[in-house]
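Heads up: the sequence lines are chains B and H, in that order.
Residues in the first sequence are numbered from 0 upward in steps of one, following numbering that gives the first Met the number 0.
Residues in the second sequence are numbered from 0 upward in steps of one, following numbering that gives the first Met the number 0.
No residue lacks a Cβ here, since even glycine has one placed at the ideal position from N, Cα and C.
What follows is a short report on a single structure.
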Amino acid sequence: MNLHERLTEALGRDAVKTQPEDLAVYAFDAYSQAAPPNAVVLPSSTQDVAAAVKISNACGEPVVPRGAGTGLCGGAVPAKGGVVISFARMNRLLALDVRNKRAHVQPGLINLELSEQIRSSGLFYAPDPSSQKVSTIGGNCATNAGGPHCLSYGTTVNHILGLEIVDERGEIFTTSLDDIGYDLTGTLVGSEGTLGIICAIDVRLMKLPESVRVWLAAFGDVEAASETVSAIIGAGIVPTALEIMDDVIVGAVEAAYGAGYPTDAGAVLLIEQAGFADDMDERESAIREIAHEHGAISWRAAKTQAECDLLWAGRKGAAGATGRYAPNYYIQDVCVPRSKLPTALHSVTQSARRHGLKVGNVFHAGDGNLHPLLMYDKRDRQQVAAVIGAGNEILQTCVDLGGTISGEHGIGYEKRDTLSLVFSTDDLATMAKMRDVFDPRRVLNPEKIFPAGVGCAEVKPPDAAYVISNR
Amino acid sequence: MLSQTAKADAAANRIVPKTVAKLQEAVREAHQQGEPLVIEGGNTLSGMGKAPTRAARTLCTSALRKIHAYSFADLTISVGAGITLRGLRSALAEHGQFIPLDAPCAQRATVGGTLAAGWLGPRRHLYGRPRDYVIGTQIVLADGTLAHAGGMVVKNVTGYDMSKLYIGSFGTLGILTSVNFKTLPAPQSARVFIAKLPENSRLRAINAIAQLNVPPAAALWVYGFRKAIDGEDGNDGRIFILHEGSAALIERASRDVRTALGRAGVPETQIIDTGALGAFDRILDACSATIGQRSITYRFSGNLDDAETRLRATYVATHQSGLAAESLLDLMNGDLYARISGKDAHAFCERIEALDDALHVQIPKAVVVACESPIRQVLNVWGSTPAALDRMRAVKATFDPAGTLNPGRFIGDI
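Here is the structure:
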């Protein structure tokens, strides 16, 4: 039997896709390049995943786990063909433990749906990538996704208590933070499917805050807004979120959502503070005062829940809204020490200008996590080259400022060759030791994270379609 | 007590490198000669795990205690792994910041040792685990290679998060030489509440604390451990609560605590404002404090739901064995620390082996966190085997194939 027949026999006809038009869909995630798999499976259980991996092994095919495919770095692109394992059908909340504030979920559960399903218990799941309406908790774990509220709640890894994993041979094992021994949970989160396939997750939940306030401050330019952020943090105040959008983004957001951002400002700063009612007024006046000291031209406090939601909807939909400016955008994800934000932003503007590109900035300012959006038309080869050139300059600038090349999107396929900007050969060889333990044959999501030639030399799967083409 | 000669031998067998390069050299040499090393920080949690087998020499990181960089406006700091928790604390306090690293013996415990031991303290339910604050590490591997992970930014998904693997690995994969942290603004104020519990009020008091609207930074039920809290125990032990936050929040929390405890039938609550954190430190110290060679301290982790079961099992088994128990129950995280002691070392040694077996039947995850007696070498110091032990062994075999670093100290003789 061939690959398709064996997968169909094990998982059922309904759970296996082999038609070229189906495979083409799974060639992509939100990255610009793609490669079709040889087969796609839609497992319903961990056992299904294990069976699919065993069959893939037997047929010499690599496997690529996939959540919602919202990753921006090609993490879910089957770069060497093989079998894509989609978690679309493993999307349930399996158990909720209110008293101990934890839940057991399947990896395909959509991030926001978890919080919605448990709202009546007074709990929520804190990590909130902007893609949370569609992205899955499994995918979030694979990339250690961030989000606006990571400023005070921490990234995904801080909220993961244990994992059920299918390994490269199709064996199942579990990890738990409650167990004595090495913290495999923490190491597997963020490993982008290269150390094991996440099939179930224990997540930590938090109590819904008693009080939430959202404020919007407008500034003449993005530098003033980011200096305000540094000053707020420097004053010992860490709000729940500190998000900046420049005038380019504000224009797009207003046209798309009418979120109520002032379109005459150079930048807006969205601030959220969650906590207890008792010190809210004190917090508000301290932050407001800092904003005014740093040149805020207006200050608005959301008065109703609807107003809060609208301000946030603008922020979370910002990237998509830029479709008004250009057919395509490239979003960069870099992180610098917070006090270097104004310098980094200035460099971003310079790079974009040099390459003749329109750039918008929407970013997690409190974390120093920048997201310059370079707008272009992919049909224009010159523009594509300009985007690549500017993107690389931005990476180098942020590394020079003491920062790093990915704050929350991951390395995937896109950034693997730039990893050496940050890490030495010894550093990378140390990471590769983990790969040697968990995936010595490089069959789990090959061609990801590690630069070509580092720790991925031994095995090349036979005759897998390997087409990386421009989207 | 060590004899003078033994002391001299111990000193000769102790390497305290002043630089990372010298530490690398020492590790390389040991690796080449096939001589295992004991890895040590402040020697405050050496009662955890078994004494490494076959290791003649000790490598100590305590001289690597520089502050490499402190960008207080960025809320980040990079320190040598040998800096003590107290040293780190006072550097941070100068800028009104802190890192919630709750561990015993802050004056001696090192940052590297505390992280390597994966120590978890009572404030983690509020602030997160120490690992959540580590943004970068520098480590010397078993062959002397120096490797970095992470960086000096607070959000970073560039490559594998290797720091997670090193934290809690008991020096069996490498030696932490430098750690980068993100820091927090220190809370405006702190207040400690101590209440003696009258007969039969313990469960009511514990439930009352679970219902508090403003969660305390730490809340413990304490029985015994006289050095940890001044004054006498109540008939049903004592409650210790630490609240941290703005003055306004602490005022509200104070009213809530007194009302809740009052309803639970607790007549009086003592408040400590000046020295609140010192009082909290004494509680932390108690978690690993030994009584010479006649005590052992276990940590029985679990959810708060089954804390009562663990507590009862401990007291029943201890009573039957003719030993005495004191306990600290973390009311926010569920950890139970029980110190079991005998009248003298002889009585203790005679009975502890059977008790250790009995306790593990009832509480499989029992972990020994402090024991000076050599008898711990024959006890089940790590409790039940984790599901992924074979993978952990494979990790050890890949990182330290010759078994140079702390061989045999960790679970499964890793």
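Query                                                                                                             : Result
8 Å Cβ cutoff met for alanine 216(B) and alanine 290(B)                                                           : yes
Where the stretch 377 to 388 of chain H meets chain B: residues whose CB sits under 9 Å from a CB there           : Trp381, Gly382, Ser383, Thr384, Pro385, Ala386, Ala387, Leu388
Members of the stretch 161 to 188 of chain H near chain B, C-beta cut-off 8 Å                                     : Met161, Lys163, Leu164, Ile166, Gly167, Ser168, Leu172, Leu183, Pro184, Ala185
Residue range of the unbroken alpha helix (DSSP H) whose run includes valine 156(B)                               : First-last for valine 156(B): undefined, no H or E at that position.
Closest Cα partner of glutamate 209(B) within the set Leu150(B), Ile159(B), Leu241(B), Gly121(B)                  : Gly121(B)
Exposure label - leucine 373(B); buried when at least 16 CB within 10 Å                                           : buried
Reduced DSSP secondary structure (H/G/I, E/B, other) of valine 82(B)                                              : strand
Cutoff 8 Å: valine 265(H) Cβ touching any chain B Cβ                                                              : no
Three-state class that DSSP yields for threonine 18(H) in the structure shown                                     : coil
Any C-beta of chain B under 8 Å from that of glycine 407(H)                                                       : no
Secondary structure of lysine 357(B), DSSP reduced to three states                                                : strand
For glutamine 319(H), the three-state DSSP class (helix, strand or coil)                                          : helix
Neighbourhood of leucine 150(B) by C-beta, 8 Å cutoff - its chain only, sequence neighbours within 5 removed      : Val237, Pro238, Thr239, Ala240, Leu241, His363, Gly365, Asp366
Same chain, Cβ closer than 8 Å to alanine 357(H), neighbours up to 5 away in sequence not counted                 : Ala316, Gln319, Ser320
The stretch 345 to 355 of chain H / the stretch 237 to 244 of chain H touching (three or more Cβ pairs under 8 Å) : no
Test: glycine 107(B) CB closer than 8 Å to a CB of chain H                                                        : no
Contact the stretch 116 to 128 of chain H vs the stretch 137 to 150 of chain H: 3+ CB pairs below 8 Å             : no
Any chain H beta carbon closer than 8 Å to lysine 432(B)                                                          : yes
First through last residue of the alpha helix (DSSP H) which encompasses cysteine 501(H)                          : The displayed coordinates of chain H run from 0 to 413. Any statement about residue 501(H) would go beyond what the structure contains.
CB contact below 8 Å: alanine 102(H) versus chain B                                                               : no
Beta-bridge partners of lysine 195(H), as assigned by DSSP                                                        : Arg237(H)
Classification of proline 499(B) by the beta-carbon crowding that lies within 10 angstroms, buried from 16 upward : Residue numbering for chain B in the displayed model covers 0 to 470; residue 499(B) lies beyond these limits and cannot be assessed.
Rounded distance between the beta-carbons of threonine 296(H) and valine 377(H), thought under 8 Å                : Not quite, the Cβ-Cβ distance comes to about 17 Å (not below 8 Å), so this is no contact.
DSSP beta-bridge partners of proline 64(B)                                                                        : Ile84(B)
Run of the alpha helix (DSSP H) containing glutamine 382(B), from where it starts to where it stops               : 380 to 399
Residues near serine 225(B) in its chain [Cβ-Cβ closer than 7 Å; skip 5 each side]                                : Ile243, Leu340, Pro341, Leu344, Ala364
Residue from Arg168(B), Gly145(B), Ile164(B) whose Cα sits closest to the Cα of threonine 184(B)                  : Ile164(B)
Whether valine 37(H) touches asparagine 302(H) by CB criterion (8 Å)                                              : no
Buried or exposed by the 16-neighbour rule on C-beta atoms within 10 Å, applied to valine 256(H)                  : buried
8 Å Cβ cutoff, methionine 151(H) in contact with chain B                                                          : yes
Backbone CA spacing between alanine 464(B) and tyrosine 25(B) [nearest angstrom]                                  : Caution is warranted here: a pLDDT of 32 is assigned to alanine 464(B), below 50, making its placement in the model unreliable, and the coordinate value is therefore given only provisionally. Taking the straight line from one Cα to the other gives about 13 Å.
Beta bridge counterpart(s) of arginine 197(B) as assigned by DSSP                                                 : A small correction: the amino acid at residue 197(B) is isoleucine; arginine does not occupy that position in the sequence shown. Isoleucine 197(B) pairs with Ile164(B).
Proximity test, Cβ basis, 8 Å: valine 421(B) and chain H                                                          : yes
Which of helix, strand or coil DSSP assigns to glutamine 116(B)                                                   : helix
Separation of isoleucine 174(H) from arginine 378(B), as counted between CA atoms                                 : 52 Å
Candidates Ala431(B), Ala301(B), Val383(B), Arg440(B): closest to glutamine 32(B) by CA position                  : Val383(B)
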